[in-house]
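Number of protein chains: 2
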Amino acid sequence: MTSRPAASLAQRKRQLVADELTRAALELLADGGFDAVTVDEIATAAGVSKRTFFRYFASKEDVVVQFLAALGAAMREELARRPATEAPSVALRHAVWRCVEDCAGHEERARKVVRLVLSTPALLARFLERQAQWRDELAVQLAERLGLDAGRELYPRLAADMALAAFHTVLQRWSTADAGGGVDLVVLTRDSFAVVAPALDAVVRTSAPA
Amino acid sequence: MTSRPAASLAQRKRQLVADELTRAALELLADGGFDAVTVDEIATAAGVSKRTFFRYFASKEDVVVQFLAALGAAMREELARRPATEAPSVALRHAVWRCVEDCAGHEERARKVVRLVLSTPALLARFLERQAQWRDELAVQLAERLGLDAGRELYPRLAADMALAAFHTVLQRWSTADAGGGVDLVVLTRDSFAVVAPALDAVVRTSAPA
DNA sequence: CCCTTTCTGTCACCGAGTGTCAAGGGAGTC
DNA sequence: GACTCCCTTGACACTCGGTGACAGAAAGGG
Chain A
1 MTSRPAASLA
11 QRKRQLVADE
21 LTRAALELLA
31 DGGFDAVTVD
41 EIATAAGVSK
51 RTFFRYFASK
61 EDVVVQFLAA
71 LGAAMREELA
81 RRPATEAPSV
91 ALRHAVWRCV
101 EDCAGHEERA
111 RKVVRLVLST
121 PALLARFLER
131 QAQWRDELAV
141 QLAERLGLDA
151 GRELYPRLAA
161 DMALAAFHTV
171 LQRWSTADAG
181 GGVDLVVLTR
191 DSFAVVAPAL
201 DAVVRTSAPA
Chain B
1001 MTSRPAASLA
1011 QRKRQLVADE
1021 LTRAALELLA
1031 DGGFDAVTVD
1041 EIATAAGVSK
1051 RTFFRYFASK
1061 EDVVVQFLAA
1071 LGAAMREELA
1081 RRPATEAPSV
1091 ALRHAVWRCV
1101 EDCAGHEERA
1111 RKVVRLVLST
1121 PALLARFLER
1131 QAQWRDELAV
1141 QLAERLGLDA
1151 GRELYPRLAA
1161 DMALAAFHTV
1171 LQRWSTADAG
1181 GGVDLVVLTR
1191 DSFAVVAPAL
1201 DAVVRTSAPA
């Protein structure tokens, strides 16, 4: 990982700044709340100017949105990787699981970020917007794997929606639980999908009217 | 309607300003785009100061959001009014229909507003946020009418989601169609619900695992 | 070593949104 | 009618998010 001079020095430098900016932003925002922290403070904490911040992110919200976008990409990628023989509920569970695994190690910080997103109207709105996009992307992939037409069939979109609803529920319960450790992300995910799975695998039979 | 002095003069005055502000805002925003119109211009067009605008609306987005909130309230109200014996798909269709009827007479303006919301990221995000809230509210009412527990059962939430997905599809197709008149809102709504209805009335049987 | 490209900080600027204050106009009281 | 109370409003000043323009520093290529 460290011995790859493929990327130019400038590119690596740029990536470094971006990472530092993201790190500083998430830390400050998660601790202080979205409105209480100014872009100037974030930039200063990362060692750059306010103007430079806006050369990396389109807006203050964008720092968080880009972070979420990465999660979404991982989810879609994981779904594409699952074997086509797997039941939709299982494949979708693994896709969502992928997001959860990304939090491993960051548990405390990740929980703060989730809480931040869910409790900040502006960020929640952006999150839902992202989620709508994920649904469409997941629906397309589901349709492919089942040989359906994503544009006409109801099932792919519905199934993706249910999976995301389960995901959303997981995040809500996780973020509002005590920090202790009584609630485990993995268990939460498994339980939620256990509830959705029957509908997920059954509704396909009722969704394609002639 | 005009002969009711129940509301004080001050209250009627206030309502007048609010209406005029909403009217001016929707007209200007729909024509010029969200970013191209300043709050100052909206306020001036309504004959008040910028400061007063912010005494009626929390933000520039809020003008549109409050407008959408009114639609959502009408929808929930209509669902509550439908007889409990009606199939979910029929009751939900009437609820959504109520929103559509509110556009009657305003056709051109309403279409511009919808296009504005769907094409402006900030507004789309807020709209999705509202929609999520509608889903929860509709889910609660559906649960009541069916004697289910909205917290534990999947069906109410799923059904509300499907109805809103159909609604969303209607708005998308309507707003992107030519202004001429080839596409009718009523027909669009009927067709969309015809597609969702089977799943809507069938999925209830598969969503309540012991 | 020079020249081009890219990145950066500084400065000026606009628009959203807020706190403050003083002025205006109803509504009730004497 | 005069006085008071309360609500609304406009004006002003300010913070912060976000952008355009310019000049300097640093990487990369000849």
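Heads up: the protein sequence lines correspond to chains A and B, in order.
With my numbering, the residue at position 2 of the first sequence is 2, and numbering never jumps.
Heads up, my numbering is the position in the second sequence plus 1000, with the first residue counted as 1.
Glycine is no exception: its CB is placed at the ideal position from the N, C-alpha and C atoms.
On the criterion of 16 or more Cβ atoms from any shown chain inside 10 Å, does residue i qualify as buried, or is it exposed?
i	result
V114(A)	buried
Q1011(B)	exposed
R55(A)	exposed
S1192(B)	buried
P121(A)	exposed
P1005(B)	Confidence at P1005(B) is low in this model, with a pLDDT of 49, below 50, so the placement of that residue is unreliable and no value is reported for it.
A1051(B)	At residue 1051(B) the sequence reads Arg, which differs from the Ala that was named. Answer is exposed; the Cβ neighbour count stays below 16.
L1016(B)	exposed
L200(A)	buried
E153(A)	buried
Q1133(B)	exposed
L1009(B)	exposed
T1189(B)	buried
R111(A)	buried
T1176(B)	exposed
A1036(B)	exposed
T1085(B)	exposed
A1043(B)	buried
S207(A)	Confidence at S207(A) is low in this model, with a pLDDT of 46, below 50, so its placement is unreliable and the value that follows should be read with caution. Flag for S207(A) reads buried.
Along the alpha helix (DSSP H) that carries residue i, what are the first and last residues, could you check?
i	result
S1119(B)	1107 to 1119
E1101(B)	1088 to 1102
V1196(B)	1185 to 1202
E153(A)	Careful: E153(A) lies outside any alpha helix (DSSP H) and carries neither H nor E.
V1039(B)	1039 to 1046
T22(A)	9 to 32
F67(A)	60 to 81
T1052(B)	1050 to 1056
Would you say residue i and residue j are within 8 Å of each other, going by their C-beta atoms?
i	j	result
L28(A)	E41(A)	yes
F53(A)	Q66(A)	no
W174(A)	V183(A)	yes
L146(A)	A160(A)	no
C1099(B)	L1071(B)	yes
R109(A)	L68(A)	no
A1045(B)	A1024(B)	yes
A1125(B)	V1140(B)	no
Determine the closest residue to residue i out of the options, with distance taken between C-alpha atoms.
i	options	result
H168(A)	L154(A), R152(A), E153(A), L185(A)	L185(A)
V1163(B)	E144(A), R157(A), R126(A)	Per the sequence shown, the amino acid found at residue 1163(B) is Ala instead of Val. Closest by alpha carbon: R157(A).
A1202(B)	S1089(B), A1143(B), V1037(B), R1081(B)	S1089(B)
A166(A)	E153(A), E101(A), V64(A), V195(A)	V195(A)
F1127(B)	H1094(B), L1171(B), A1143(B), E1144(B)	L1171(B)
L1116(B)	A1074(B), V1063(B), A1091(B)	V1063(B)
K60(A)	F34(A), A74(A), L79(A), G47(A)	F34(A)
L1092(B)	R1076(B), E1101(B), C1103(B)	R1076(B)
V1039(B)	E1107(B), S1049(B), R1111(B)	S1049(B)
L142(A)	L26(A), E78(A), L124(A)	E78(A)
V96(A)	H106(A), A80(A), L26(A)	A80(A)
P1198(B)	A1030(B), V1037(B), A1087(B)	A1087(B)
P83(A)	D31(A), L123(A), A104(A), E144(A)	E144(A)
A30(A)	T85(A), L123(A), E101(A), H94(A)	L123(A)
H106(A)	R14(A), K13(A), L26(A), A18(A)	L26(A)
Please determine whether the Cβ atom of residue i lies at a distance below 7 Å from any heavy atom of the ligand SAH.
i	result
A139(A)	The ligand SAH is absent from the structure shown, which contains no ligands of any kind.
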